[in-house]
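Visitor: Letter by letter, the sequence shown follows residues 1 to 165 of the working numbering. The beta carbon of each residue, even a glycine, is placed where N, CA and C say it ideally should be.
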Amino acid sequence: MPNSYSKKITNKSVASFSYSYESSIAKSLRERDYATLKIDFNKILNEFSYESIHSFKEYAFRDIYKVILQIIGYNTYTEYQTSMGRSDLCFEDDQHLYICEFKVIGRSDSVKNKLEEAKQQIKEKRYCLRLTDKEVIALAVVIINENKKDGHAPMREVAAIEEAL
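1) For a minimum of 4 consecutive residues, which ranges assigned as the alpha helix (DSSP H) are wholly contained in the stretch 26 to 85?
2) Can you give the Cα-Cα distance for valine 158 and threonine 82, rounded to whole angstroms?
3) Pull up the distance between the alpha-carbon of glycine 73 and that of alanine 60, whole angstroms please.
4) Just to confirm, is the Cβ distance from aspartate 40 to isoleucine 25 under 7 Å?
5) Under 6 Å Cβ to Cβ from glycine 85, same chain only, skipping five residues before and after it: list those, please.
6) Under 7 Å Cβ to Cβ from arginine 107, same chain only, skipping five residues before and after it: list those, please.
7) If you measure between the beta carbons of leucine 115 and cysteine 100, is that distance less than 7 Å?
8) Near tyrosine 34, which residues of its chain fall below 8 Å by C-beta distance, leaving aside the five closest residues on each side in sequence?
9) Quick check on the DSSP output: the beta strand (DSSP E) that includes lysine 112 runs from which residue to which?
10) Are the beta-carbon atoms belonging to isoleucine 143 and valine 111 less than 7 Å from one another?
11) Contact check, valine 136 vs leucine 97 under 8 Å by CB: the rounded distance?
12) Between which two residues does the beta strand (DSSP E) holding glutamine 128 run?
13) Under the assumption that asparagine 76 contacts glutamine 70 (Cβ atoms under 8 Å), give the Cβ distance between them as a whole number of angstroms.
14) Tell me the DSSP bridge mates of asparagine 145?
15) Put leucine 97 into one of helix, strand or coil per three-state DSSP.
16) Select from Asp93, Asp94, Ile68 and Ser52 the residue whose C-alpha is nearest the C-alpha of tyrosine 19.
Okay, here's the thing in structure tokens:
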């Protein structure tokens, strides 16, 4: 019997989960490779059942990623308040502070608009203005949670992750 976490598809222990995602997510963030980060975030999302996720709102998606990032070693905070508002999720390592603004949409045809809305919110509320010696990176994240109706197939995915400059 092999003793490798990567070979155990049905093993959902914390150790196997951390082993599977820690290096990939850290590398994606370090290299600012948000396409790969999006793939990993979608793999995580796909671990949940249809029955639980079809009614998720923004806070539920945010909390999923908060817990995952905690498991793999990041310090995380949700609803981090500043004088201008609250960012959805902050997480940090030794060198970076990441600030995320999530937008959840019910239709896949509005990804670009919601992505721009998230970026604008980050800028207007000055989420990146922090007293820190770490590099601050703001990410706009758009998640589609489209249910089956009007002939559409259900869709659950992180559709976009982009840095708000």
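Guide: Considering the structure as presented:
1) Complete alpha helix (DSSP H) runs here, min 4: 34 to 45, 50 to 53 and 58 to 71.
2) Rounded to the nearest angstrom, the two C-alpha atoms are 26 Å apart.
3) Between glycine 73 and alanine 60, the C-alpha separation is close to 20 Å.
4) For aspartate 40 and isoleucine 25, yes; Cβs fall inside 7 Å.
5) Hits under 6 Å: Lys125.
6) Excluding sequence neighbours, arginine 107 sits near Glu146.
7) The answer is no: Cβ separation not under 7 Å.
8) For tyrosine 34, where only same-chain residues beyond five positions count, the Cβ hits under 8 Å are Ser28, Leu139, Ile161, Glu162 and Glu163.
9) DSSP places lysine 112 outside any beta strand (DSSP E); the residue lies instead in the alpha helix (DSSP H), whose first and last residues are 111 to 124.
10) For isoleucine 143 and valine 111, no; Cβs fall outside 7 Å.
11) Separation of the CB atoms of valine 136 and leucine 97 is rounded to 5 Å, and the pair is thereby assigned contact status at 8 Å.
12) Before going further, note that residue 128 is cysteine rather than glutamine in the sequence given. Unbroken run through cysteine 128: none, as it is neither H nor E.
13) Strictly speaking, residue 76 in this sequence is threonine, with asparagine absent from that position. At roughly 5 Å, the Cβ-Cβ gap stays under 8 Å, so threonine 76 and glutamine 70 are in contact.
14) For asparagine 145, the pairing in a beta bridge is given by DSSP as Arg156.
15) The three-state reading of DSSP puts leucine 97 in strand, counting E and B together.
16) Of the listed residues, the one whose Cα sits closest to tyrosine 19 is Ile68.
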